[in-house]
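Numbered per the working numbering, the sequence shown spans residues 3 to 141.
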Amino acid sequence: VLSVSLFLIAAGTLLLFVCERGTGAYQDLTLPKGRSISFQSVSARTAGFNSVNLSALTQTGRFLIISLMLIGGSPGSTAGGIKTTTLPFLVLSVITTFVAENLPKCSADAWKTYHKKGNLHFLFVYYILVLCGYDHIQN
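Laid out in structure tokens, this is it:
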């Protein structure tokens, strides 16, 4: 749980910094830019507070915030989303699905591949719904 949370904090902060570099979204804040971006990255997964006007973010920055909201917080918290313990299993499941395509098939492997493809379909449908909602927000 801690390693995934630390990774999400670091990756979210770094990606938001790269996406919003040169835009005016973080210009008028009292806190330094790095702390504001880090706060936005963490609060998107947990409480949902805004330290910046979200309409001033780029489309990539908004999509990143939405993705962090989908991941959510750790188990036992009141944060929504798919929790930080589910994310590594889904990612590893998707990776092993593509690796398993190159292995010889037997009945046990076929069942495992079917189960992993179910997880892949879950992620695909989840993000399609997010993109539909994101498109609805944009229009």
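By construction, the Cβ of each residue, glycine as well, lies at the ideal position given by its N, Cα and C atoms.
Which of helix, strand or coil DSSP assigns to residue i
i                : result
leucine 59       : coil
glycine 82       : coil
alanine 46       : helix
glycine 75       : coil
glycine 26       : coil
phenylalanine 51 : coil
tryptophan 113   : Confidence at tryptophan 113 is low in this model, with a pLDDT of 49, below 50, so its placement is unreliable and no value can be given for it.
proline 34       : coil
Classification of residue i by the beta-carbon crowding that lies within 10 angstroms, buried from 16 upward
i             : result
isoleucine 67 : buried
valine 54     : buried
threonine 62  : exposed
arginine 23   : exposed
arginine 37   : exposed
isoleucine 97 : exposed
leucine 40    : Residue 40 is actually serine in this sequence, not leucine. Under this definition serine 40 is a buried residue.
cysteine 134  : exposed
leucine 70    : buried
serine 109    : Here serine 109 scores only 47 on pLDDT, less than 50, and its place in the model is too uncertain to base an answer on.
alanine 49    : exposed
serine 43     : buried
leucine 198   : Look at the range of the chain in this structure, 3 to 141, and you will see that residue 198 is not part of it.
Extent of the continuous alpha helix (DSSP H) to which residue i belongs
i        : result
serine 5 : 4-21
Check: residue i C-beta below 7 angstroms from any heavy atom of the ligand FMN
i            : result
threonine 25 : What this structure holds is no ligand at all, so the ligand FMN is not there to describe.
Assumed close pair residue i, residue j - CB separation to whole angstroms, cut-off 8 angstroms
i                : j            : result
glycine 75       : threonine 87 : The Cβ separation is near 10 angstroms, so there is no contact.
phenylalanine 51 : serine 45    : 4 angstroms
valine 89        : valine 132   : The amino acid at residue 89 is misidentified as valine; the sequence shows leucine. With a Cβ gap of about 14 angstroms, leucine 89 and valine 132 do not count as contacting.
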